[in-house]
Amino acid sequence: MTWNQVKRFLIGRPFPLSAEKHERLDKLRGLAIFASDPISSNAYATEAIMSILIVLGSGALGVTWPIAIGIAVLVTIVVFSYIQTIMHYPRGGGAYFVAKDNLGVTPSLVAAGAILSDYVLTVAVSVSAGVRAVTSAFPDLHDYRVIIALAVIVLITWINLRGLRESGTVFAFPTYAFVGGVFVVVSMGLARYFGWFGASPLDLHPEVIAPAADLTGLAYVWLILRAFAAGCTALTGIEAISDGVQAFKPPESRNAAQTMVAMGVIAMVLFLGIAYLATHLRIVPIAENSVLSQMTDLIAGRGFLYYWVQVFTALILFLAANTGYQDFPRLSAFLARDGFMPRWLQNRGDRLVFSSGIVTLAVLASVIVLVFRADEISMLPLYALGVMASFTLSQAGMFRLMGRVGRVPPGTEVETLATTIHYEAGWKWKRIVNGTGAIVTFVVLLVLIATKFLDGAWIVVAAVPALVMLFQRINRHYREVAARLTTLGVDETVLTDVADVVIIPIADVHRGTLRALKYAHRLTKDIRVVNICQNPEGQRHILERWRRFPELTDEAKLIFIHYQYRDILDPLIQYIEHVHMVEFPNMITTVVVPEFIPRSMAEQSLHNQTANLLRRRLLAFPDVVIIQVPHHI
37 MTWNQVKRFL IGRPFPLSAE KHERLDKLRG LAIFASDPIS SNAYATEAIM SILIVLGSGA
97 LGVTWPIAIG IAVLVTIVVF SYIQTIMHYP RGGGAYFVAK DNLGVTPSLV AAGAILSDYV
157 LTVAVSVSAG VRAVTSAFPD LHDYRVIIAL AVIVLITWIN LRGLRESGTV FAFPTYAFVG
217 GVFVVVSMGL ARYFGWFGAS PLDLHPEVIA PAADLTGLAY VWLILRAFAA GCTALTGIEA
277 ISDGVQAFKP PESRNAAQTM VAMGVIAMVL FLGIAYLATH LRIVPIAENS VLSQMTDLIA
337 GRGFLYYWVQ VFTALILFLA ANTGYQDFPR LSAFLARDGF MPRWLQNRGD RLVFSSGIVT
397 LAVLASVIVL VFRADEISML PLYALGVMAS FTLSQAGMFR LMGRVGRVPP GTEVETLATT
457 IHYEAGWKWK RIVNGTGAIV TFVVLLVLIA TKFLDGAWIV VAAVPALVML FQRINRHYRE
517 VAARLTTLGV DETVLTDVAD VVIIPIADVH RGTLRALKYA HRLTKDIRVV NICQNPEGQR
577 HILERWRRFP ELTDEAKLIF IHYQYRDILD PLIQYIEHVH MVEFPNMITT VVVPEFIPRS
637 MAEQSLHNQT ANLLRRRLLA FPDVVIIQVP HHI
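Quick note: the sequence shown, position 47, residue 83 per my numbering, numbers continuous.
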């Protein structure tokens, strides 16, 4: 089976470019793909708040509900800001384009580096959290958690390589099954708590936890800020839709904006419902049993609904990784197009997805999983920093854009670097909302850095500037290449002349070398066939075969270089260098390399790779041209 056959079997038949719009997502699939991360955060966001507050004892857990309301308000602000981003920047790109258009190149690279690092962590954390749920149910698998996590990454990578619409279909059911299950639990819980519809009241047996510390004043305020920042994991993934606007069917902006609204409503209804019930049912966070699991058990018992929620909680934690798979490749393609990442990242694969970006993300996430041994608790201090930084820059950019919108004379349009703006009624209050959001997310970012710095957040704090410098270095390289390739001021006199000589290195005389020799006769009459000879018998053998083809060999020079050491490339390179530097200085020298091509990679491994090694060595010479003449066997 050839590589192409294997590829077709795994990935599927290639799609033509004309099929690109047919592969786009409707709102139902788009919500499943892009919203899996923020929706999945309902599994742990409330618990993250309560885990901080429990320091003050179980009595302090009542503050969970007010904090949840504050986070819901912040989510509303961020969603509103990103809806504006979608409508003003319909090509996608999210925080990167907003910052680039309104704050400058360097802030845009900070936003890009922050969100790309967060996408990698999203995959690693989500998959590891899903594995934790599986190994909690099946403890015998605990020692294999890294292997399971890597296998899940490979599986999600494979599904995404098969195409956007296909992955949306695969991921839709688990996402909506989780939403439906948690919604039923919350509805039942509220009905039983308030006694609606004659529902049986809940039998509460709250556990009392004594305070581990007695905090007052600024220390108490700081703890509340820490709890608020911890709960802001509910915001992760909100930006995903703004990055992938072009993944939606036309009209792209409207469909993306409506999906963003649906995502915000679903995520916040579930989050507020869980937070309200967890607070008023006096649930206490414990390591052995999640808050969502305790709440479901208390409300519905350990029946079908309980196991439904648990199974699809594990699945959606796995699928939350898919948010990274949608936006990391797309944002990488934007950066590659602008010359800040390798150009090959902007190329689409056979199924019209950014295959190189998908594979790159899988490799990076796998490295994180290996380093942290699939322990998401160890990864959490790194998580959410990037997304908060991108939120801050995106909303700051929209704050400035709304100021520019307010200065546009009514009835006119102004072109910016990335969009077209016109006067909008209500620009002032839009600007206030964006500014407020930027300030709050910046404060959350500072709190996260301060509280998690020594636990691992320093890695992200150091990594983002390093990524920005890498982006700038890549861009500098591309600009240098463009400057060297420019045709401005170029005429024939500045181009290097071609030497009237061809060198053909051979190990023996066979069909492949004769084919190369015939090809060389089309180029020049000065043909030099070079053999590195290590014994007289080998020389006689080559001469005997050489003389059998006078029509090809009479006008060529056969040169034997006697050499007693094993590395035959050194004397060959020295001869080519002599011809190039001494006989034909400042001219282009041509080397024709005969190469036979076996039928398979397995057969290729049985042969010396001399031709490949020679080609790599000759690439160091700027004016040596290498021509490969393949002979398939």
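Note that the Cβ used here is the ideal one computed from N, Cα and C, for glycine as well.
* To do: In the DSSP assignment, find the unbroken beta strand (DSSP E) run with Gly448 in it and report its ends.
  => Within the sequence shown, numbered from 1, the residue matching residue 448 stands at position 412. Reading off the sequence, residue 448 comes out as Thr, not Gly. Run containing Thr448: none; DSSP gives neither H nor E here.
* To do: Over the uninterrupted beta strand (DSSP E) stretch that includes Arg564, give me the two end residues.
  => Indexing the sequence shown from 1 puts residue 564 at position 528. Where Arg564 is concerned, the enclosing beta strand (DSSP E) stretches over 563 to 569.
* Asked: When DSSP labels each residue in this structure, what does Phe370 get in the three-state scheme?
  -> In the sequence shown, counting from the first residue as 1, residue 370 sits at position 334. Helix at Phe370.
* Asked: Of the choices Thr269, Ala185, Glu639, whose alpha-carbon is the least far from that of Leu481?
  -> Taking the sequence shown and counting its residues from 1, one reaches residue 481 at position 445. Residue Thr269 is the option with its Cα nearest to Leu481.
* Assigned secondary structure, Ile623 (DSSP; H/G/I helix, E/B strand, else coil) -> Here residue 623 is taken as the residue at index 587 of the sequence shown, counted from 1. According to the sequence shown, residue 623 is Met rather than Ile. In this structure, Met623 counts as strand in the three-state DSSP scheme.
* What does a CB cutoff of less than 6 Å around Thr626 pick up in its chain, not counting 5 residues either side in sequence? -> Taking the sequence shown and counting its residues from 1, the one referred to as residue 626 is at position 590. Cβ within range, chain order: Val538, Val661.
* Asked: Quick one: is Trp582 buried, meaning 16 or more other Cβ sit within 10 Å of its Cβ, or exposed?
  -> Taking the sequence shown and counting its residues from 1, the one referred to as residue 582 is at position 546. Trp582 is buried by the Cβ-count criterion.
* To do: Let me know if Ala336 comes out buried or exposed under the rule of 16 or more other beta-carbons within 10 Å of its beta-carbon.
  => What you label residue 336 is simply residue 300 of the sequence shown in a count that begins at 1. Buried.
* Within the region 536 to 606, ranges of the alpha helix (DSSP H) (whole runs, at least 4 residues) -> You should have 547 to 557, 572 to 582, 586 to 589.
* Closest by CA to Ala71, which one among Phe354, Pro102, Ala150? -> Stepping through the sequence shown from its first residue, residue 71 is reached at position 35. Ranking the options by Cα distance to Ala71, first place goes to Phe354.
* Identify every run of the alpha helix (DSSP H) within the region 252 to 323, keeping only runs that are complete inside it and at least 4 residues long; order them along the chain. => List check, alpha helix (DSSP H) in window: 253 to 267, 276 to 279, 288 to 316.
* Exposed or buried, which one is Asn325 when buried takes at least 16 other CB atoms within 10 Å? -> By one-based count along the sequence shown, residue 325 stands at place 289. The residue in question, Asn325, is exposed, as its Cβ has fewer than 16 Cβ neighbours within 10 Å.
* Status (buried if at least 16 other CB within 10 Å, exposed otherwise) for Ile310 -> Counting from one through the sequence shown, the residue named residue 310 turns up at place 274. In summary, Ile310 is buried, with 16 or more beta-carbon neighbours lying within 10 Å of its beta-carbon over all protein chains present.
* Asked: Name the DSSP bridge partner or partners of His668?
  -> What you label residue 668 is simply residue 632 of the sequence shown in a count that begins at 1. According to DSSP, residue pairing for His668 in a beta bridge involves Ile633.
* Under the rule that 16 or more other beta-carbon atoms within 10 Å means buried, what is Met617, buried or exposed? -> If you number the sequence shown from 1, residue 617 lands on position 581. So Met617 ends up on the exposed side.
* With distances taken Cα to Cα, identify the nearest neighbour of Leu490 among Thr205, Thr171, Glu516, Pro417. => Numbered from 1 along the sequence shown, position 454 holds the residue referred to as residue 490. Here the closest residue by C-alpha is Pro417.
* Name the one or two DSSP bridge partners that Thr456 has. => Locating residue 456 in the sequence shown gives position 420, counting from the first residue. As computed with DSSP, Thr456 is found in a beta bridge with Glu451.
* **Residue range of the alpha helix (DSSP H) that includes Asn648** => Taking the sequence shown and counting its residues from 1, one reaches residue 648 at position 612. Its alpha helix (DSSP H) spans residues 646 to 654.
* To do: Would you decide whether Phe45 is buried or exposed? Buried here means 16 or more other CB atoms lie within 10 Å of its CB.
  => Stepping through the sequence shown from its first residue, residue 45 is reached at position 9. Exposed: under 16 other Cβ atoms inside 10 Å.
* Asked: Between Leu388 and Tyr361, what straight-line distance do the alpha-carbon atoms span, to the nearest angstrom?
  -> One-based indexing of the sequence shown puts residue 388 at position 352. One-based indexing of the sequence shown puts residue 361 at position 325. CA-to-CA, the gap between Leu388 and Tyr361 works out to about 14 Å.
* Between Lys488 and the rest of its own chain, which residues show a CB-CB distance below 6 Å, the 5 nearest in sequence each way excluded? -> Position 452 of the sequence shown, counted from the start, is the residue given in the question as residue 488. Within the same chain, Lys488 has close Cβ partners Pro417.
* What is the DSSP secondary structure of Asp333, reduced to helix, strand or coil? -> Translated into the one-based positions of the sequence shown, residue 333 becomes position 297. In this structure, Asp333 counts as helix in the three-state DSSP scheme.
* **Segment contact, 8 Å Cβ cut-off, at least three pairs: the region 424 to 443 with the region 394 to 406** => Below 8 Å, too few C-beta pairs join the region 424 to 443 and the region 394 to 406 to call them touching: fewer than three.
* Asked: Count the other CB atoms within 10 Å of the CB of Tyr601; is the residue buried (16 or more) or exposed (fewer)?
  -> In the sequence shown, residue 601 corresponds to position 565, counting from 1. Answer is exposed; the Cβ neighbour count stays below 16.
* So what's Asn325 in DSSP terms, helix, strand or just coil? -> The residue labelled residue 325 in the question sits at position 289 within the sequence shown. The answer is strand: DSSP assigns Asn325 an E or B state.
* For Ala369, does the count of other Cβ atoms within 10 angstroms reach 16, so buried, or fall short, so exposed? -> Residue 369 sits at position 333 when you count from the first residue of the sequence shown. The residue is buried, with at least 16 neighbouring Cβ atoms inside 10 Å.
* Asked: Can you name the residues that DSSP bridges to Leu61?
  -> Position 25 of the sequence shown holds residue 61. DSSP, once it has assigned bridges, lists Phe284 as partnering Leu61.
* Could you name the residues of the same chain whose beta carbon sits closer than 7 Å to that of Tyr342, not counting the 5 residues immediately before and after it, in chain order? => Translated into the one-based positions of the sequence shown, residue 342 becomes position 306. Answer for Tyr342: Thr332, Asp333, Ala336, listed in chain order.
* To do: From the DSSP output, in three-state form, read off Asp533 for me.
  => For the purposes of this step, residue 533 is taken as the residue at position 497 of the sequence shown. Reduced to three states, the DSSP call for Asp533 is strand.
* To do: Can you have a look at Ile413 and say buried or exposed, based on whether 16 or more other CB atoms are within 10 angstroms of its CB?
  => Along the sequence shown, read from residue 1 onward, the residue named residue 413 stands at position 377. An exposed status is given to Ile413, since fewer than 16 other beta-carbon atoms sit within 10 Å of its beta-carbon.
* **Reduced DSSP category for Ala115 - H, G, I as helix; E, B as strand; rest coil** => On the sequence shown, residue 115 is found 79 positions in, with the first residue counted as 1. Looking at the sequence itself, residue 115 is Val, so the reference to Ala does not match. Note: Val115 maps to helix in three-state DSSP.
* Asked: Which residue or residues does DSSP assign as beta-bridge partners of Ile69?
  -> Locating residue 69 in the sequence shown gives position 33, counting from the first residue. For Ile69, which the question treats as bridged, DSSP gives no partner whatsoever.
* To do: Give the DSSP bridge partners of Ile662, in chain order.
  => By one-based count along the sequence shown, residue 662 stands at place 626. Residue pairing by DSSP places Ile662 opposite Val627 in a beta bridge.
* Neighbourhood of Lys57 by C-beta distance below 8 Å, restricted to the same chain and skipping five residues each side -> For the purposes of this step, residue 57 is identified with residue 21 of the sequence shown, where counting begins at 1. Apart from the 5 residues on each side of it in sequence, Lys57 sits with its Cβ closer than 8 Å to the Cβ of Lys285, Pro286 in its chain, given in chain order.
* To do: List the endpoints of the continuous alpha helix (DSSP H) containing Ser641.
  => Position 605 of the sequence shown, counting from 1, holds the residue named residue 641. Careful: Ser641 lies outside any alpha helix (DSSP H) and carries neither H nor E.
* Asked: How is Met377 classed by DSSP in three states: helix, strand or coil?
  -> As a first step, residue 377 is located in the sequence shown; it is residue number 341 there, counting from the start. Coil, per DSSP.
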